[in-house]
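Residues 10 to 162, numbered by the working numbering, are exactly what the sequence shown covers, in order. Heads up, the beta-carbon is just placed ideally off N, CA and C, and yes, glycines get one too. One structure is given here, and the rest of the page talks about it.
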Amino acid sequence: MRYGDPVHQLRPLQQPVLLPADIPPGVEWVTLPNGIRTLAYTHPQPHPATEPEPARRAEPVPRWARTTALLAPTVGGGIGAAGFGISYAAPGVLAMAEALWAAVALIAAGALAPLLLRAGSARAHRGGPVQHVTQNITATGLFGRATGTLNNR
């Protein structure tokens with residue numbers, strides 16, 4: 010079989026014939042924008058003179074608005090609690106800051122002390138001879154009197 014055979018050619022579709030009595034309520038013949046007439050469900054338009062307008066239902070609140078409304082007190086309470094905690098912690102934080110500065114000064118002094126001592130001892134060697142002082146202390150017993158000698162060379 011080839012593509013052009015009569016079996017593959019399109020045949021017109023037979024539409025069933027509907028009588029107006031066979032059309033259910035709420036269904037009407039409508040013409041689509043491309044010109045084809047078809048049956049479709051339609052919403053009946055109320056007649057202003059005969060039918061009153063139905064009462065409007067309140068629109069539901071969007072989900073994001075409900076979520077935001079529920080989260081607002083929680084977030085506000087958390088911010089309030091944080092501020093309360095910071096107010097109690099402020100003196101301790103200030104004390105820790107002072108202690109931190111003292112630790113920094115101690116570290117800096119420890120790093121600079123050897124340099125300053127070396128510079129000071131170099132000046133002392135240039136000035137004159139170095140004096141050695143020795144001290145000998147002896148004591149007998151737990152509560153004995155201590156005696157000592159001092160040698161200055």
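Opening and closing residue of the beta strand (DSSP E) in which residue i lies
{"i": "residue 43", "result": "Neither: residue 43 is in no beta strand (DSSP E) and is coded neither H nor E."}
{"i": "residue 142", "result": "142 to 147"}
Beta-bridge pairing of residue i - partner residues as DSSP gives them
{"i": "residue 49", "result": "37"}
{"i": "residue 76", "result": "Note: residue 76 sits in no beta bridge, so no partner."}
{"i": "residue 83", "result": "According to DSSP, which records beta bridges pairwise, residue 83 is partnered with nothing at all."}
{"i": "residue 159", "result": "144"}
Backbone secondary structure at residue i - three-state DSSP
{"i": "residue 153", "result": "coil"}
{"i": "residue 28", "result": "coil"}
{"i": "residue 127", "result": "helix"}
{"i": "residue 70", "result": "coil"}
{"i": "residue 64", "result": "coil"}
Presumed contact (8 Å Cβ cut-off) between residue i and residue j, rounded CB distance
{"i": "residue 36", "j": "residue 28", "result": "Contact doesn't hold; Cβ gap of about 13 Å is too wide."}
{"i": "residue 155", "j": "residue 147", "result": "7 Å"}
{"i": "residue 153", "j": "residue 145", "result": "Contact doesn't hold; Cβ gap of about 15 Å is too wide."}
{"i": "residue 161", "j": "residue 140", "result": "7 Å"}
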